[in-house]
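**Student:**
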Amino acid sequence: MVMSCVAYGCTNRHKGAGSSLAFHTFPQDIEKRRKWIHALRRDNFEPTSSSRLCSEHFQPSDYENYGMRRRLKIDAVPSIFLAFPEHLQTIKVKKRRILPEWHGPDPSSAVVEPRAFQDHEYAFPSSLELAKKKCDKLQVIKIN
């Protein structure tokens, strides 16, 4: 029986001894098996005892090296599926940076004072004295 990869769009086949491609059986542990099936994104797929995934679908960090041999880590999950359509490709989301906690003055205790605008001082007087002076000036001008 020919050993082939069950991943969508993957055409890798077992070519015999000496091949750099490895074929992995699905885990027996139900939770790990469920993660592998979910990663495949194939509707109603249930792996059989002859179902295999090739090594092209795993990150290099998913392997442990033992001398000349390499072995798939226990918690490895397939994550590379280049044949997926673009909308099914896994998008790596950058982790957001957490800003340090604010230790400045409490913004609710800030006192907001009205500003005196030079070209509109009549609308926003900076003090009561200034307003009285303006009124007195206007009365003097009006009388004259």
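The working numbering runs 115 ahead of the 1-based position in the sequence shown. Cβ coordinates follow ideal geometry from the N, Cα and C atoms, glycine included. On a predicted model such as this, the values are computed, not experimentally measured, just so you know.
Going by alpha carbons, who is nearest to P193 out of G182, E171 and A246?
**Tutor:** As a working mapping, residue 193 is identified with position 78 in the sequence shown. Of G182, E171 and A246, the residue nearest in Cα terms is E171.
**Student:** Would you report the Cα separation of A191 and F160, rounded to the nearest angstrom?
**Tutor:** Locating residue 191 in the sequence shown gives position 76, where the first residue counts as 1. Locating residue 160 in the sequence shown gives position 45, where the first residue counts as 1. Straight-line Cα distance between these residues: approximately 20 Å.
**Student:** Decide if S165 is buried, meaning its Cβ has at least 16 other Cβ atoms within 10 Å, or exposed.
**Tutor:** Walking along the sequence shown from the start, residue 165 turns up at place 50. Exposed, since its Cβ has fewer than 16 Cβ neighbours within 10 Å.
**Student:** Using only the alpha-carbon positions, how far apart do R128 and Q174 sit?
**Tutor:** Residue 128 sits at position 13 when you count from the first residue of the sequence shown. Residue 174 sits at position 59 when you count from the first residue of the sequence shown. Taking the straight line from one Cα to the other gives about 19 Å.
**Student:** Along the beta strand (DSSP E) that carries H139, what are the first and last residues, could you check?
**Tutor:** Working through the sequence shown from its first residue, we reach residue 139 at position 24. Where H139 is concerned, the enclosing beta strand (DSSP E) stretches over F138 to T140.
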